[in-house]
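Enquirer:
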Amino acid sequence: MKYFKILITLFVIQCYVMHLYAQTKPYLLDMVHNNPGEPLTQSDYNDPAYLKAQGYTGQVINDFTFAHAAITFDSLNPNIFPIGSKERAWVMQAAEKVRANIKRAHAAGEKAYYFTDIIVLPKKLVEIYHDEICDEKGRISFERPKTIEIHRIMFKELFDTFPDLDGLVIRTGETYLNNVPYHTGNNPITNGIESHVKLINLLREEVCVKRNKMVFYRTWLSAGMDQKPDVYLAVTNQIEPHPNLIFSIKHTRGDYQRTMDFNPTLGIGKQPQIVEVECQREYEGKGAYPDYIMDGVINGFEEFNTNTPQIGYKGLKDIVNTPQFRGIWSWSRGGGWVGPYITNEFWCKLNAYVISHWGTDTRQTEEQVFNRFMDENGIRGQSRKAFRELCLLSAKAVLRGHDSATLPFQSGWTFWMRDEFLSGTDGRLAIIFKTYYDKGLLQKSVDEKREAVDMWQKIVDLSSRVHLTNKADEDYINVSCKYGLILHQIIAEGWNIMVLGYTGDQTGNYDKKNIAASIKAYDVYWKAFDQLKEDNPSCATLYKPYMWTNNPPEYHGEKGMGASVDKYRNLAY
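When we follow the working numbering, the leftmost residue of the sequence shown carries the number 827, and every step to the right adds one.
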């Protein structure tokens, strides 16, 4: 009897421990961020069964056909989507897609959370209730009681229509209407901190409390909540914590770019947090070439000890034991706009594998998880050392080729190179070149770009020593490394031409001989780039010598590296 009681006691203790573990088990979410207005991204990460196998616990569904755009608002006004109208037919079709996505996730054992832009409402609704919901600037505003009433109705109809939906991921600050032709909307944060508080309390009441569903509230890009600790605390301290309400914060202080600080709003306040991590960075090639960032995300980036010194936390390993930490949300694919477009997900999968498998047990080191990736992909023997060196070196090469490891580099400067575009001195590089010229650093900036080229040459050499079980992936590693080398050769020569030309613009004396020689090399590299794509079906689409601008569908004008180089081409010849 004595031993039986001991066994019962041990069993009760074990059950209690397991209960505590279940309560504190981290959220591991993943999202494919489709390009708004384009065909949906083809990816293994669209398959919730694949996510389950990678350790994820939830799928964030983000095709920009929002779940709350797939309801009729009949309980508010049947004239919003009249029976028999083409608008209502669209809503019904969208609703079937939402149901299918939820069912598919649940069949795989994954929670289904819908990415949700607030505010997005039917155009007809806004037309009917315009004077009751819009402010003097024409914005739909939560300062108007009718707007709040309509959103209460919306949440009720949303969860009545999709009762199996596990929750919402809420975005403010940006509103994408590309995939919802019968809806309109705007940023709800029209009154700073108070707008956040009103919206969060509404979500907490209607979604978390009344319906026992999850809300992941993104702090991104609204009133400084995503970057400024004082603003973040001013909002979150006014919200009563709830187990179903979690704040979602990028690991970067700003967008997913190198030389950005580690986000100082992480690990503070009384609210639970998950951390957003992008695996296919739009500022760094989108998987067209190696860009292994997870060592930096977990342990802290190289630049945090050089030109971007950090006070306090540097990486995710520093915050996993804080009381706020609840897990990780990775963006396996997507971010930004247009290309480069890839047909092989290998580099995205490496980043996603390491962050998801590390997130299942943060007592592991990054290298331990990395080694398991090599095990599962049949990277053995001498290939392991070469592959590890290649990946770590890619982070160093990207930093020097895109940004800087030692020179001053402001956060907004990263936009000179994003998506599939390369800017010139006629646009986004102008302020960088002026700053470096005034400080006598222009030549050092070119030297650093050439240092990146040297690193890429070593990466190509290393890639020839890497062998995998999957020969298509092995081929892609080789091709993508060559892509990275040629692209950075173009960048280095482009910068050299523009530095020589810019210096001539300031002094009146142009080094025409060196400009001409550099232009000759620049042209050779562009031809090699074209040839790489022509010879290798697995090669990603190529960069373009234009400055990125937010003007769809092209997302560029005539300015850019090409126009800037041509300006000095005409002077040199």
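Even glycine gets a Cβ: it sits at the ideal position worked out from N, Cα and C.
1. Report, in whole angstroms, the separation of the C-beta atoms of G884 and Y939, which I expect to be a contact under 8 Å.
2. Suppose you measure from the CA of Y1309 to the CA of Y1369; what does that come to, to the nearest Å?
3. By the DSSP assignment, the alpha helix (DSSP H) with A934 in it spans what residues?
4. With DSSP run on the structure shown, which of helix, strand or coil describes S1390?
5. Assuming Y1043 is part of the alpha helix (DSSP H), what are its boundary residues?
6. Ignoring anything shorter than 4 residues, give me the alpha helix (DSSP H) runs that lie fully in the region 1116 to 1153, in order along the chain.
7. Alpha carbon to alpha carbon, how far is F968 from P1166? Give it in angstroms, no decimals.
8. Run through DSSP, which three-state label would A938 get?
9. Assuming G1383 and Y1372 make a contact with CB atoms under 8 Å, what is their CB distance in whole Å?
10. For Q1283, which residues of its own chain have a beta-carbon under 7 Å away from its beta-carbon, when the five flanking residues on both sides are left out?
11. Short of 6 Å in beta carbon distance, which residues of its chain neighbour Y1037, apart from the five on each side in sequence? Order them along the chain.
12. Is it buried or exposed for L1029, if we count other Cβ within 10 angstroms and need 16 for buried?
13. Any contact between the region 1131 to 1138 and the region 1271 to 1289? By contact I mean 3 or more CB pairs, one from each, below 8 Å.
14. Which one of P989, T1010, N927, A934 has the shortest CA to CA distance from R965?
15. Would you mind working out which of Y1328, D1287, V1224 sits nearest T1261, comparing C-alpha positions?
16. Assuming H1314 contacts V1279 (C-beta within less than 8 Å), just tell me the rounded distance between them.
17. If you compare alpha carbons, which of G1238, T1186, G1266, I1285 is closest to L1218?
18. Given that a residue counts as buried once 16 or more other Cβ atoms are within 10 Å of its Cβ, and exposed if not, what is L1225?
19. Is DSSP giving Q1106 helix, strand or coil here?
20. Determine the contact status of I1075 and W1155, defining contact as a CB-CB distance below 7 Å.
21. Using the DSSP secondary-structure output, state which residues sit across from P948 in a beta bridge.
22. Pull up the distance between the alpha-carbon of I1015 and that of A1049, whole angstroms please.
23. Name the one or two DSSP bridge partners that L1382 has.
24. Just curious, the beta strand (DSSP E) that S1076 is in, first and last residue?
25. I want to know whether the region 868 to 885 touches the region 923 to 943 - three or more CB-CB distances under 8 Å.
26. Can a CB atom of chain D be found closer than 7 Å to the CB of I1205?
27. Does F988 come out as helix, strand or coil in the three-state DSSP assignment?
28. Would you check if the region 1086 to 1104 and the region 1050 to 1060 touch, i.e. whether three or more CB-CB distances between them fall below 8 Å?
29. Whole-angstrom Cβ separation of D1245 and Y1381, contact assumed at under 8 Å?
30. The beta strand (DSSP E) that contains L854, what's its start and end?
31. Rounded to whole angstroms, what is the Cα-Cα separation between G1386 and A1256?
32. What is the DSSP secondary structure of W1157, reduced to helix, strand or coil?
33. Quick test of the definition: if touching needs 3 or more C-beta pairs under 8 Å, does the region 1189 to 1199 touch the region 890 to 901?
34. Measure from the alpha carbon of N1340 to the alpha carbon of each residue in A1354, G1320, Q1332, Y1351, then state which is nearest.
35. Rounded to whole angstroms, what is the Cα-Cα separation between K1024 and Y1118?
36. For S1021, which residues of its own chain have a beta-carbon under 7 Å away from its beta-carbon, when the five flanking residues on both sides are left out?
Expert: To lay it out plainly:
1. 6 Å
2. 10 Å
3. No alpha helix (DSSP H) contains A934, which DSSP labels as neither H nor E.
4. helix
5. That residue, Y1043, is in no alpha helix (DSSP H); its beta strand (DSSP E) goes 1040 to 1044.
6. 1120 to 1125
7. For P1166 and F968, the distance between alpha carbons rounds to 39 Å.
8. When DSSP states are grouped into helix, strand and coil, A938 belongs to the strand group.
9. Contact flag correct, Cβ pair sits at about 7 Å.
10. L1311
11. The amino acid at residue 1037 is misidentified as Tyr; the sequence shows Arg. The residues are F985.
12. buried
13. no
14. T1010
15. Y1328
16. 5 Å
17. I1285
18. buried
19. Looking at Q1106 - three-state DSSP - the assignment turns out to be coil, as it is neither helix nor strand.
20. no
21. H1009
22. Taking the straight line joining both Cα atoms gives about 7 Å.
23. The residue asked about is misnamed: residue 1382 is His in this sequence, not Leu. Bridge partners of H1382: W1374.
24. A small correction: the amino acid at residue 1076 is Lys; Ser does not occupy that position in the sequence shown. 1071 to 1076 is the extent of the beta strand (DSSP E) around K1076.
25. The count of Cβ pairs closer than 8 Å, one atom from the region 868 to 885 and one from the region 923 to 943, reaches three, so the stretches are in contact.
26. Included in the structure is just one protein chain, with no chain D present.
27. coil
28. With the cut-off at 8 Å, the region 1050 to 1060 and the region 1086 to 1104 touch.
29. 7 Å
30. 853 to 859
31. 11 Å
32. Strand, per DSSP.
33. no
34. G1320
35. 40 Å
36. F968, P1014, I1015
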